[in-house]
Structure formats: C-alpha cells, structure tokens
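Here the structure is laid out as structure tokens; the discussion comes afterwards.
Protein chains in written order, with the numbering used here: chain A, 1 to 117; chain B, 118 to 229.
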C-alpha cells in the first residue's frame, strides 16, 4: 500500500530564511509519481510539481527546489529566502503507476508553514 | 478550460437532511477523486473513479455516503442523512493517467 509521511506538522520561519519541508513515501511499485501541492489560507489546492520515479534530477523553479532521493524514499521541498506569501499548508502526494492498473493519489498530512515578517 | 467545477461552494444544512455535492471534471480526464478535509483527519480520499467506474470506495466513512459518476462529465457525492460530524470541506479532483490531479475549489459543508 502506498503511504506518504510528512513528519513536520508546523514550521515557523522568519522572512528571508530558507526552509525545507520533508516528505517520505512508501510504495511497492517501481513506477510512481510524486507531487507537491500548496494550500494557501484561501483554501484551494494548487499543484506545484510532479516527479516520476525514473527521474531523480533535482529541480529548481525560482525560489523553490525539490530534492528527490530514491535511496531514502524522500522528496523534500526547499523554499529559499521565504516570503510571507509562502505561508500555507504544503502537501506531498504519491501515485503508484501499476502497469495497466489504477492510480489513486495519496496525500500526506501536510506541513503548515508560517513565514513571519 | 474552466478547471474542475464544484457546486455548491458552501452548504449549510440541518442534521438529518440529504446533501448532494456536485463535480464537473476537466474534459478529457479519465480519473475522478472525492476527498474530504478536516482539521482532525487532514485530506482523506473517499472514493475514486476511473473511466466512470468506482474503483476504490474504501475511504467512504459510512453507508450514509454514496457517490456516482453517470458520465464522464459529472459526479455526485451524496450524504443521507447528514450529521454534524460530516462538516468538512469536500474536494473533487480529476486527472489523466500519469499526470497531476487538478482540484476544484471545494464545497464547505456545515451540518447544524
């Protein structure tokens, strides 16, 4: 069964600090997808990134970067020079991709990030 | 595309009443998901459909909950009878295989 663990429930940082949100996953499949979503105070769920299990290259998008390590089953998310607008709940998610099988998306419990001005 | 559309955005109902939540997925997407979000339990997967067929409803909390997808462009989640503990935000999401899920704005349900 697939599982996602986000051990950090809440994190507070001061503006301009860097912050890393941890995500550890469990799966028996060799092919799977990992995602990060952001849920700002307004409540909508916003897609940030998708990664497939065959691509371990780290990715950077502006102040956001993601570190995918299959050896430790982790897909961590770093925000550099955090801003108040980054305050939100961040969810990590996993979707297995069995050949010809069905793909449900399982979410972690989320990490609430508060950036203090 | 307008994205995933959910209605209503807010629903307040009395305990014991039937509640129906609606979802229109993104055209062309073949999977649809219903999630419930509460402070206590986070984001829970209730049920998901693939090509309009319910695949896994193990997350549906009780027989009071039912979901249907009569065609590729419409799904409902019904609670009958509703109870105060059903109060939550209900999200619908859709996706294509091997891609990310796109979420609707959610329906905030309050059962009094």
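From the three backbone atoms N, C-alpha and C, an ideal C-beta is built for every residue, glycine too.
Write down the C-beta distance between residue 91 of chain A and residue 160 of chain B rounded to the nearest angstrom, noting that I regard them as a contact closer than 8 angstroms. Cβ-Cβ separation between residue 91 of chain A and residue 160 of chain B: approximately 7 angstroms, consistent with a contact (criterion under 8 angstroms).
Top-ranked residue by Cα proximity to residue 28 of chain A, from A:94, A:110, A:117: Ranking the options by Cα distance to residue 28 of chain A, first place goes to A:94.
Anything in chain A within Cβ reach of residue 223 of chain B, meaning under 9 angstroms, just list it in chain order. Near residue 223 of chain B (Cβ distances below 9 angstroms), the residues of chain A are 43, 44, 45.
Residue from A:20, A:2, A:14, A:1 whose Cα sits closest to the Cα of residue 8 of chain A: For residue 8 of chain A, the closest alpha carbon among the candidates A:20, A:2, A:14, A:1 is that of A:20.
Looking at the ligand COA, does it come within less than 6 angstroms of residue 108 of chain A, judged from the CB to the closest heavy atom? Questions concerning the ligand COA fall outside what the structure shown contains, since it holds no ligand whatsoever.
Name, please, each residue of chain A whose Cβ falls closer than 9 angstroms to the Cβ of residue 206 of chain B. Correct list: 43.
Three-state class that DSSP yields for residue 206 of chain B in the structure shown: Residue 206 of chain B falls in the strand class under three-state DSSP.
Looking at the C-beta of residue 122 of chain B, does it have a partner C-beta in chain A at a distance below 7 angstroms? Residue 122 of chain B does not count as touching chain A.
Within the same chain, show all residues whose beta-carbon is closer than 7 angstroms to that of residue 226 of chain B, passing over the 5 residues directly before and after it, in chain order. Closer than 7 angstroms at Cβ, skipping near neighbours: 128, 136, 203, 204, 205, 207.
Could you give the distance in angstroms between the alpha-carbon of residue 6 of chain A and the alpha-carbon of residue 23 of chain A? The straight-line gap from Cα to Cα measures roughly 5 angstroms.
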